[in-house]
Amino acid sequence: MRRRWMAAVAVTVAGLLTLTACGDGGGAAQSPQADGKKKVEVFSWWTGPGEADGLKAMKEIFEKQNPGLTFFDAAVAGGSGDKARALLATKLQADTPPDTFQGHAGAELQGYIKAGDLEPVNSLYDELKLKDVFPQQLIDQISVQGQIYSVPVNIHRSNVMWFNPAVLKEAGVTEVPATIETFVAALEKVKKTGKVPLSIGSEWTMVHLLESVLLGSLGTDAYNKLWTAGSDWSGPAMTKALNDFKTILSYAGDPADDWQPAAKQVADGQAAFTIMGDWAYGYFHNPPDGGLGKKSKTDFDWAPSPGTGGTFMWLSDSFTLPKGAPNRDGALAWLKVAASKEGQDAFNPKKGSIPARKDADTSLYTDYLADALKDWGSNKLAGSIQHGVVVNDAWRVAINEAVGLFHTDKDVAALQASLAEAAKNSGQ
Amino acid sequence: MTRVRRWLPGLLLVTPSIIAIAVFVYGMLGWNFRLAMTDRHDEISEGSFVGLENFVTLWDQKRWGISVNHAVVFTVVFVFGALALGWLLAFLMEKGIKGEGTFRAVYLFPMAISFVATGVVWRWLMNSGQDERAVGLNRLFDSLGLDFLQWEWFRNPDWGMAAMAIPAIWQMSGYVMALFLAGFRGVPEDLREAARVDGCTEWQVYRHIVLPLLRPVTLSALIILGHISLKVFDLIVAVSGKQIITDVPAVFMWVAVFDSHDPAKGATIAAYIVLAVSVFVIPYLVWTLRKERRP
């Protein structure tokens, strides 16, 4: 009898211990390391080839400059950061933020700012004189009521049209289309050859296409005005832009699984065009095992998406300073590395993006990246929708929803109505 | 003292799970329903009580209608597909074939795989590319000269959700087979023998003796499949991600909570999913309770 008692107690205690262990499983991972160095937990979604290498290069600089700190990579896998952001949301709500986390600069951070999760980093900008080295328009577009909450570590371009020169030649398209009209004409010519005129991927790549078409059809000033109080979503210019979108989409092939298979159709000569951000360059260009190993200018080529020449539609990965970060000084040290010329020049050539700073070492950036760097310094700027620069999360979801519905019913009036509704309800 | 000795160890043994279930299942359910009845549409505000408003306004959203519709199509195809296939497999094995154990393992094996892993494979199998761009099943049909069978699979706006049910059927029909096989084996041979003596054909034995006795098994299978189907999330996300064309309530809930940052809306969708599942589960619980009470 006694033995059964003992067994029951033992099992109960074991059960309770397991329960409590579940409760602070996360805490155990965060405890300081035994060697006395203080840990800085850097949260990102950079785990893929290229991006993870870039992060490692910045980590080495960081640990060299800060011998008392160790870098703790809290990266969560998943290309667009979906899973990482869901985990981050739970961490922030439980008031256990990482020391610093990656986010897209701009309106995407607004949710965190409103919830009071972020500290402004204006003093850091003053201390490092960052306002002199980042383009003024970038500073304007990431400021919220005069406060800056993030340090951009890189810049990506969203409005890039990638194409296969051989397919264009075969179709008799002699000039790279620079306007929406010539683009549609080129699509038509390609269609006659039986190739796919425009390759697309899953739903978000259609929103990506939409932002380029809006920019190209409305013009940069009208596009930038959409995100301000004076926005006009119901007017005839918008109707025309959305009709352009419908026309262009009608030349699209079957949606591929994601942007990579869509880009591969262009690289393999099955499709003529795809409109995708410049992360596609790394995919085209990098050697197999992560890339397609294609030769730029012969196997694939690029131009600003139709109608957007002279404008750089940007998005940026940046790091933040969460309120209540366990190691605030460590986080600031990391932000300094992320903002520095040395840090950005170590990170960006590997990640396949360009630095946000104007004084970067241009010799490190070749081929496409040289083009992008030149345009970044001279072009007008516009912010991306899909990548969180101009709209907050809720607005972006509403736009995605509208485009997803449009893809099945092809009703321009309904699309315009829901976009206008989304703008009204955005609370931005 | 002896009486205490009799029940106390048992109670101590189950107490942790009772507490855990009370807090983490029923407590959370209650908390979710309370949240669904507030207007907490962002993560900062406290939210005040608005009753059933969220439950009503959700139906104004086009996307909600679509996702409910998808869930229904998916459920119908998946439940009946898995039942039919599972029954057929069990029927074929019931007669006692050689190497039955191997076949059982083979058919049951897919259930050991998670929906996510299944989804990753079927995402490739059901790729919508055709002809020269075909991979997966379309490539197979193409190289066999069965071009007309090439299809858009889950990207078809009308029948996409039916295609989405195919991996789920593949995964669960082995389990249904196991249930039915146990059911078939549970039918006493005496009964069949008696029917045969009375002059029944083999078909009539099945029609009038075996099938009626399988009713409880069918009901259990229906409930297990039904509740899996209504809350399906991982399979959909693994196959197609978060796209309107394959939207279901659980995916919509994820989008509402983690992408739009609207806790009240997410909680409302979650509440609807719980209610839909309970439509399946509660009658089953009532039924089993009644059956157990019978001597």
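Note that the protein sequences, when read in sequence, are chains Z and E.
Take the first sequence: its position 142, counting from 1, is numbered 142 in UniProt numbering, and each next residue is one higher.
Take the second sequence: its position 180, counting from 1, is numbered 180 in UniProt numbering, and each next residue is one higher.
By construction, the Cβ of each residue, glycine as well, lies at the ideal position given by its N, Cα and C atoms.
Only a predicted model underlies this, so the values are computations on that prediction, with no experimental measurement involved.
1) Identify the continuous beta strand (DSSP E) that holds Glu211 (chain Z) and give its terminal residues.
2) Determine the closest residue to Thr220 (chain Z) out of Z:Thr308, Z:Ile180 and Z:Leu168, with distance taken between C-alpha atoms.
3) In this structure, does DSSP put Ser220 (chain E) in helix, strand or coil?
4) Under a Cβ-count criterion, where at least 16 other Cβ atoms within 10 Å of its own Cβ denotes burial, should Asn224 (chain Z) be classed as buried or exposed?
5) With a cut-off of 8 Å, do at least 3 Cβ pairs link the segment 189-206 of chain E to the segment 162-169 of chain Z?
6) Determine the direct distance from the alpha carbon of Val116 (chain E) to that of Val286 (chain E), and round the result to whole angstroms.
7) For Gly290 (chain Z), which residues from the same chain have a beta carbon less than 6 Å from its beta carbon, with the 5 sequence-adjacent residues on both sides left out?
8) How long is the line joining the alpha carbons of Trp159 (chain E) and Ala339 (chain Z), rounded to whole angstroms?
9) What residues are listed by DSSP as bridge partners for Leu242 (chain Z)?
10) May I have the straight-line CA-CA distance separating Leu226 (chain Z) from Glu170 (chain Z), to the nearest angstrom?
11) In chain E, which residues lie with their C-beta within 9 Å of the C-beta of Gly269 (chain Z)?
12) Taking 7 Å as the limit between beta carbons, can you name the residues of its chain near Gln270 (chain Z), skipping five residues before and five after?
13) Anyone know if the C-beta pair for residue 299 (chain E) and Leu108 (chain E) falls short of 8 Å?
14) Where does Lys380 (chain Z) sit, in a helix, a strand or coil, going by DSSP?
15) The ligand SAM heavy atoms versus the CB of Ile155 (chain Z): any closer than 7 Å?
16) In terms of residues, what are the limits of the alpha helix (DSSP H) holding Ala82 (chain E)?
17) Would you mind telling me which residues of chain E sit closer than 8 Å to Gln93 (chain Z), beta carbon to beta carbon, in chain order?
18) If you draw a straight line from the C-alpha of Val403 (chain Z) to the C-alpha of Gly277 (chain Z), how long is it?
19) Measure how close the beta-carbons of Gly106 (chain Z) and Ile142 (chain Z) come, nearest whole angstrom, since I'm counting them as under 8 Å.
20) Does DSSP put Val279 (chain E) in a helix, in a strand, or in coil?
21) According to DSSP, which residues form a beta bridge with Met313 (chain Z)?
22) Is it the case that the segment 236-249 of chain Z contacts the segment 208-217 of chain Z, given that we only count it when at least three CB pairs across the two stretches are under 8 Å?
23) Since Gln93 (chain Z) and Glu43 (chain E) should fall inside the 8 Å C-beta cutoff, what is the C-beta to C-beta distance between them, to a whole number of angstroms?
24) Can you check whether the CB of Ile236 (chain E) is closer than 8 Å to the CB of Phe280 (chain E)?
25) Following the continuous beta strand (DSSP E) through Ser143 (chain E), name the residue where it begins and the one where it ends.
26) For Thr408 (chain Z), which of helix, strand or coil comes out of DSSP?
27) Compare the C-beta of Gln204 (chain E) with all C-beta atoms of chain Z and state if any pair is closer than 8 Å.
28) Are there 16 or more other CB atoms within 10 angstroms of the CB of Asn327 (chain Z), so buried, or fewer, so exposed?
29) Under 7 Å Cβ to Cβ from Thr20 (chain Z), same chain only, skipping five residues before and after it: list those, please.
30) For the segment 181-211 of chain Z, enumerate the residues whose C-beta is nearer than 9 Å to any C-beta of chain E, in chain order.
31) Got a sec, what are the start and stop residues for the alpha helix (DSSP H) Glu41 (chain Z) sits in?
32) What are the boundary residues of the beta strand (DSSP E) that includes Phe71 (chain Z)?
33) Measure the Cβ-Cβ separation of Leu234 (chain Z) and Ala398 (chain Z) and say whether it is below 8 Å.
34) Among the candidates E:Val277, E:Met177 and E:Ile245, whose CA atom is the shortest distance from the CA of Pro157 (chain E)?
35) Quick test of your reading: Val153 (chain Z) and Ala360 (chain Z), contact by CB under 8 Å. State the CB separation rounded to the nearest angstrom.
36) Distance, Cα to Cα, Ile385 (chain Z) vs Asn159 (chain Z)?
This is what the structure gives:
1) On the first sequence, position 211 is the one that residue 211 (chain Z) refers to. For Glu211 (chain Z), there is no enclosing beta strand (DSSP E); the enclosing alpha helix (DSSP H) covers residues Glu203 to Leu218.
2) The residue given as residue 220 (chain Z) occupies position 220 in the first sequence. For the set Z:Thr308, Z:Ile180 and Z:Leu168, the Cα lying nearest the Cα of Thr220 (chain Z) is the one of Z:Thr308.
3) Residue 220 (chain E) sits at position 220 when you count from the first residue of the second sequence. Reduced to three states, the DSSP call for Ser220 (chain E) is helix.
4) As a working note, residue 224 (chain Z) is residue 224 in the first sequence. Burial call: buried.
5) Cβ pair count under 8 Å is below three, so no.
6) Counting from 1 along the second sequence, the entry for residue 286 (chain E) is found at position 286. Counting from 1 along the second sequence, the entry for residue 116 (chain E) is found at position 116. Roughly 33 Å between the two C-alpha positions.
7) Looking up residue 290 (chain Z) in the first sequence gives position 290. Hits under 6 Å: Pro49.
8) By 1-based counting over the second sequence, the position of residue 159 (chain E) is 159. By 1-based counting over the first sequence, the position of residue 339 (chain Z) is 339. Cα-Cα distance, rounded: 51 Å.
9) Taking the first sequence and counting its residues from 1, the one referred to as residue 242 (chain Z) is at position 242. Partner residues in a beta bridge of Leu242 (chain Z), as assigned by DSSP, do not exist.
10) Mapped onto the first sequence, residue 226 (chain Z) falls at position 226. Mapped onto the first sequence, residue 170 (chain Z) falls at position 170. Straight-line Cα distance between these residues: approximately 39 Å.
11) On the first sequence, position 269 is the one that residue 269 (chain Z) refers to. Those within 9 Å of Gly269 (chain Z) in chain E number zero; the least Cβ separation is about 10 Å.
12) Here residue 270 (chain Z) is taken as the residue at index 270 of the first sequence, counted from 1. Residues Lys195 and Val196 of the same chain have their beta carbon placed closer than 7 Å to that of Gln270 (chain Z), with the five preceding and five following residues left out of the count.
13) Residue 299 (chain E) lies beyond the range of chain E shown here (1 to 295); nothing can be said about it.
14) Here the question's residue 380 (chain Z) lines up with position 380 in the first sequence. Reduced to three states, the DSSP call for Lys380 (chain Z) is strand.
15) In terms of ligand content, the structure shown is empty, and the ligand SAM therefore cannot be addressed.
16) Against the second sequence, residue 82 (chain E) aligns to sequence position 82. For Ala82 (chain E), the enclosing alpha helix (DSSP H) begins and ends at Lys62 to Glu94.
17) Position 93 of the first sequence, counted from the first residue, corresponds to residue 93 (chain Z). Those are Glu43, listed as they occur along chain E.
18) Here the question's residue 403 (chain Z) lines up with position 403 in the first sequence. Here the question's residue 277 (chain Z) lines up with position 277 in the first sequence. Roughly 18 Å separates the two Cα atoms.
19) Counting from one through the first sequence, the residue named residue 106 (chain Z) turns up at place 106. Counting from one through the first sequence, the residue named residue 142 (chain Z) turns up at place 142. The distance from the Cβ of Gly106 (chain Z) to that of Ile142 (chain Z) is about 6 Å, consistent with a contact at the 8 Å cut-off.
20) Working through the second sequence from its first residue, we reach residue 279 (chain E) at position 279. Val279 (chain E) falls in the helix class under three-state DSSP.
21) The residue you call residue 313 (chain Z) lines up with position 313 of the first sequence. DSSP, once it has assigned bridges, lists Z:Ala382 as partnering Met313 (chain Z).
22) The segment 208-217 of chain Z is in contact with the segment 236-249 of chain Z.
23) Mapped onto the first sequence, residue 93 (chain Z) falls at position 93. Mapped onto the second sequence, residue 43 (chain E) falls at position 43. Rounded, the Cβ-Cβ distance is 7 Å, consistent with contact.
24) Start at 1 with the first residue of the second sequence, and residue 280 (chain E) comes out as number 280. Start at 1 with the first residue of the second sequence, and residue 236 (chain E) comes out as number 236. No.
25) Indexing the second sequence from 1 puts residue 143 (chain E) at position 143. Residue range Gly136 to Ser143 is occupied by the alpha helix (DSSP H) that includes Ser143 (chain E), with no beta strand (DSSP E) assigned at that position.
26) Against the first sequence, residue 408 (chain Z) aligns to sequence position 408. Under the three-state reduction of DSSP output, Thr408 (chain Z) falls in the helix class.
27) For this step, residue 204 (chain E) is matched to residue 204 along the second sequence. It does not; no Cβ of chain Z falls within 8 Å.
28) Sequence index remark: in the first sequence, residue 327 (chain Z) carries index 327 (1-based). By the 10 Å Cβ count, Asn327 (chain Z) comes out buried.
29) Working through the first sequence from its first residue, we reach residue 20 (chain Z) at position 20. Legend: pLDDT at Thr20 (chain Z) = 47, less than 50; position of this residue unreliable, no value from coordinates given.
30) Per Cβ criterion, the list reads Val196, Ser202, Glu203 and Trp204.
31) For the purposes of this step, residue 41 (chain Z) is taken as the residue at position 41 of the first sequence. Taken as a continuous stretch (DSSP letters only), Glu41 (chain Z) belongs to no alpha helix (DSSP H), being part of the beta strand (DSSP E) at Lys38 to Phe43.
32) Taking the first sequence and counting its residues from 1, one reaches residue 71 (chain Z) at position 71. Leu69 to Asp73 is the span of the beta strand (DSSP E), which, as asked, contains Phe71 (chain Z).
33) As a first step, residue 234 (chain Z) must be located in the first sequence, where it is residue number 234. As a first step, residue 398 (chain Z) must be located in the first sequence, where it is residue number 398. In the sequence on display, residue 234 (chain Z) carries Ser and not Leu. Contact: no.
34) Stepping through the second sequence from its first residue, residue 157 (chain E) is reached at position 157. Nearest C-alpha to Pro157 (chain E) among E:Val277, E:Met177 and E:Ile245: E:Ile245.
35) The sequence position of residue 153 (chain Z) within the first sequence is 153, counting from 1. The sequence position of residue 360 (chain Z) within the first sequence is 360, counting from 1. About 12 Å separates the two Cβ atoms, so there is no contact after all.
36) As a working mapping, residue 385 (chain Z) is identified with position 385 in the first sequence. As a working mapping, residue 159 (chain Z) is identified with position 159 in the first sequence. Near 11 Å, if we compare the C-alpha coordinates of Asn159 (chain Z) and Ile385 (chain Z).
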